[in-house]
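J.: These protein sequence lines map, in sequence, to chains U and X. Numbers in this note's numbering are just positions in the first sequence, counted from 1, shifted up by 8. Numbers in this note's numbering are just positions in the second sequence, counted from 1, shifted up by 8. For each residue, glycine too, the CB sits at the ideal point set by N, CA and C. Fair warning: this is a prediction, and the values are worked out from it, not measured in the lab.
Number of protein chains: 2
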Amino acid sequence: MPNNQFKKSELYSFITGKASTAIARRLQKNFKQSGLDITIEQWSVLYHLWKEDGISQQQLCESTFRDKPSITRLVDNLEKLKMVKRVPSKDDRRINMIYLTPEALKLQEQSMQLANQTLNEALVGVTNGQVEIAKEVLQQVYENLKK
Amino acid sequence: MPNNQFKKSELYSFITGKASTAIARRLQKNFKQSGLDITIEQWSVLYHLWKEDGISQQQLCESTFRDKPSITRLVDNLEKLKMVKRVPSKDDRRINMIYLTPEALKLQEQSMQLANQTLNEALVGVTNGQVEIAKEVLQQVYENLKK
DNA sequence: GGCATATAGTTGTTTATGCAACCATAAAGA
DNA sequence: TCTTTATGGTTGCATAAACAACTATATGCC
Chain U
9 MPNNQFKKSE
19 LYSFITGKAS
29 TAIARRLQKN
39 FKQSGLDITI
49 EQWSVLYHLW
59 KEDGISQQQL
69 CESTFRDKPS
79 ITRLVDNLEK
89 LKMVKRVPSK
99 DDRRINMIYL
109 TPEALKLQEQ
119 SMQLANQTLN
129 EALVGVTNGQ
139 VEIAKEVLQQ
149 VYENLKK
Chain X
9 MPNNQFKKSE
19 LYSFITGKAS
29 TAIARRLQKN
39 FKQSGLDITI
49 EQWSVLYHLW
59 KEDGISQQQL
69 CESTFRDKPS
79 ITRLVDNLEK
89 LKMVKRVPSK
99 DDRRINMIYL
109 TPEALKLQEQ
119 SMQLANQTLN
129 EALVGVTNGQ
139 VEIAKEVLQQ
149 VYENLKK
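#1: Cα-Cα, which of Glu87/U, Lys40/U and Phe73/U is closest to Ala30/X?
#2: Can you pull the chain U neighbours of Lys154/X, defined as C-beta to C-beta under 7 Å?
#3: In whole angstroms, what separates the C-alpha of Leu153/X from that of Arg33/U?
#4: Check whether the Cβ of Pro10/X lies closer than 8 Å to any Cβ atom in chain U.
#5: Just the Cα atoms here: how many angstroms apart are Gln41/X and Ser78/U?
#6: Helix, strand or coil for Ser42/U per DSSP?
#7: Smallest Cα separation from Glu144/X: which of Ser119/U, Thr135/U, Ala112/U and Tyr150/U?
#8: Report yes if the CB atom of Thr109/X is closer than 8 Å to the CB atom of Lys93/X, and no otherwise.
#9: Let's see if you can read the secondary structure: which residues bound the alpha helix (DSSP H) around Met120/X?
#10: Just checking my contact of Thr80/U with Ser52/X at CB under 8 Å: how many whole Å lie between their CB atoms?
#11: Which residue wins for smallest C-alpha separation from Ile103/X, given the options Ala112/X, Asn85/X, Gln67/X and Asn38/X?
#12: At a cut of 8 Å, does the region 118 to 128 of chain U reach the region 105 to 119 of chain X through at least three beta carbon pairs?
#13: Suppose contacts are defined by Cβ-Cβ distances below 8 Å. Is Leu35/U in contact with Ile46/U by that definition?
#14: List the residues of chain U that Glu144/X touches, going by C-beta distances under 9 Å, in chain order.
#15: Is the separation between the beta-carbon of Gln119/X and that of Tyr150/U shorter than 8 Å?
#16: Compute the Euclidean distance between the alpha carbons of Leu82/X and Gln50/X, then round it to the nearest angstrom.
#17: So that I know if they touch, is there some Cβ in chain U lying closer than 8 Å to that of Thr47/X?
#18: Of all the CB atoms in chain X, is at least one closer than 8 Å to the CB of Lys40/U?
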C-alpha cells in the first residue's frame with residue numbers, strides 16, 4: 009500500500025524543499041555578513057576536503073551529491089579563488105587530486121561555526137527528539153532515491 | 009540554550025538538502041519518462057495557478073518562495089511554452105495577472121499524479137507518524153528562517 | 001598486443017538562482 | 001498639487017545545475 013499521508017495542500021513544501029532553500033539562503037547571508045566570500049556550493053566542496061584533503065573529483069561528486077560537470081566547474085571557481093589546487097595523480101593519469109590551499113584551511117573554523125549557528129537558528133522551537141526523527145526520514149528519502 | 013544536536017558528520021545533509029535534491033531529481037525524471045516536458049520549477053508555478061488562476065507575479069513570489077526576478081523569468085519561459093498568459097490588471101497598471109492556458113490545464117492531473125507517485129517512492133519504509141513529525145520540523149524551519 | 005569497454009574529467013547548451021540596479025505606477029504626506 | 005516613498009515588475013551579471021556529447025586514460029578479454 010502506498011504512503012498516502014500527503015494531502016495536496018502539504019505536498020508542495022515537501023517536494024520543493026522550501027526548508028532547505030531557507031537554510032541555504034540563511035547560511036549564505038550569514039557567510040556574507042561575516043565577510044566570508046564564498047558560495048554555499050563552494051563551501052560544500054571545501055567541507056569534504058576539510059574532512060579529507062587530496063581526494064579526486066569523482067569522490068567529490070559522490071560526497072557532495074553533485075554530477076561531474078558541476079564539480080568540474082566548482083573546482084574551476086575554487087581554483088580561481090585560490091582555495092584549491094588540482095594535482096594530477098601519478099598512479100592514474102585520468103585523475104585529479106584536489107588539495108586545499110592554506111587560504112582555504114583558514115576558513116574552516118569560522119565557516120563551520122557559522123553553519124552550526126545557522127542550524128541553531130533553523131531549529132528554534134524544535135525538540136531534539138523531533139530532529140532525530142526528521143533526520144531519519146530525510147536520510148531514508150535520500151537512500152530511497154539516490155540510485 | 010542552542011540546539012546542539014548536530015554532530016559534524018550529520019550536519020552536511022541537513023544543510024545542503026540532499027533529500028530535497030533527490031526528490032527534485034526524481035520528479036524531473038518521472039516527468040520526463042511520462043513525456044511531460046516542463047521543469048519542476050515551472051511546475052511549481054503551475055501548481056499554484058491550478059489552485060488559484062489569475063494571480064499576480066508578486067503572489068507567485070510568495071507562494072513559490074522565489075524572488076521577483078525568478079518569477080519574471082519563469083513566467084517568461086512558461087509564456088514561451090504557451091502555458092500561461094500575462095494580463096495587465098485594469099485596477100493597478102503595475103500588476104500582471106497570470107492566467108493558465110487550456111494547454112496548462114491539461115497537465116494538471118497527470119503531473120499531480122506523478123508528484124504523488126514521486127513522494128511515495130521517496131517515503132518507502134517511512135511510517136506515517138515519522139512523516140508527520142518530519143513535516144512539522146520542516147515547517148518550523150521554514151517559519152524560523154523565511155524572514 | 002589489440003580491440004572493446006569502463007572510468008575520470010571537460011565542454012556546450014539551456015534553465016534557474018541571487019543580488020543589485022532600474023523603470024513605471026500607486027499611495028502617502030506636506 | 002507636488003514630492004517622497006512604497007510596490008510590482010524587468011534587466012544585467014555571476015554562479016550553479018541538468019543533460020548530452022566529447023577526450024583521454026585505464027582495464028578486461030581474446
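T.: Let's see:
#1: Reading the second sequence from its first residue, position 22 is the one you call residue 30/X. The residue from Glu87/U, Lys40/U and Phe73/U with its alpha-carbon nearest to that of Ala30/X is Phe73/U.
#2: As a working mapping, residue 154/X is identified with position 146 in the second sequence. The contacting residues are Ala30.
#3: Here residue 153/X corresponds to residue number 145 of the second sequence, with the count starting at 1. Here residue 33/U corresponds to residue number 25 of the first sequence, with the count starting at 1. Their backbone Cα atoms lie some 9 Å apart in a straight line.
#4: Counted from its first residue, the second sequence places residue 10/X at position 2. Note that Pro10/X has pLDDT 45, beneath the 50 cutoff, so the model's placement of it is unreliable and no number is given.
#5: Stepping through the second sequence from its first residue, residue 41/X is reached at position 33. Stepping through the first sequence from its first residue, residue 78/U is reached at position 70. If you draw a straight line from the Cα of Gln41/X to the Cα of Ser78/U, it comes to about 23 Å.
#6: Taking the first sequence and counting its residues from 1, one reaches residue 42/U at position 34. Note: Ser42/U maps to coil in three-state DSSP.
#7: Taking the first residue of the second sequence as 1, we reach residue 144/X at position 136. Distance check between Glu144/X and each of Ser119/U, Thr135/U, Ala112/U and Tyr150/U places Thr135/U closest, using alpha-carbon atoms only.
#8: Within the second sequence, the letter at position 101 stands for residue 109/X. Within the second sequence, the letter at position 85 stands for residue 93/X. Their beta carbons are under 8 Å apart, which means Thr109/X touches Lys93/X by this criterion.
#9: Taking the second sequence and counting its residues from 1, one reaches residue 120/X at position 112. Gln116 to Ala130 is the span of the alpha helix (DSSP H), which, as asked, contains Met120/X.
#10: The sequence position of residue 80/U within the first sequence is 72, counting from 1. The sequence position of residue 52/X within the second sequence is 44, counting from 1. 28 Å between Cβ atoms; not a contact.
#11: Within the second sequence, the letter at position 95 stands for residue 103/X. Comparing Cα positions, the closest option is Gln67/X.
#12: Contact between the region 118 to 128 of chain U and the region 105 to 119 of chain X is absent, because fewer than three Cβ pairs lie under 8 Å.
#13: Locating residue 35/U in the first sequence gives position 27, where the first residue counts as 1. Locating residue 46/U in the first sequence gives position 38, where the first residue counts as 1. No, the Cβ-Cβ distance between Leu35/U and Ile46/U is not below 8 Å.
#14: Against the second sequence, residue 144/X aligns to sequence position 136. Here the neighbours are Val134, Gln138 and Ala142.
#15: If you number the second sequence from 1, residue 119/X lands on position 111. If you number the first sequence from 1, residue 150/U lands on position 142. Correcting the residue identity first, residue 119/X is Ser in this sequence and not Gln. For the pair Ser119/X and Tyr150/U, the CB atoms are not nearer than the 8 Å cut-off.
#16: For the purposes of this step, residue 82/X is identified with residue 74 of the second sequence, where counting begins at 1. For the purposes of this step, residue 50/X is identified with residue 42 of the second sequence, where counting begins at 1. Distance between Leu82/X and Gln50/X, taken at the CA atoms: about 6 Å.
#17: For the purposes of this step, residue 47/X is taken as residue 39 along the second sequence, with counting starting at 1. No, Thr47/X does not count as interfacial toward chain U.
#18: The residue given as residue 40/U occupies position 32 in the first sequence. Put simply, the CB of Lys40/U is far from chain X, with every gap to its CB atoms at 8 Å or more.
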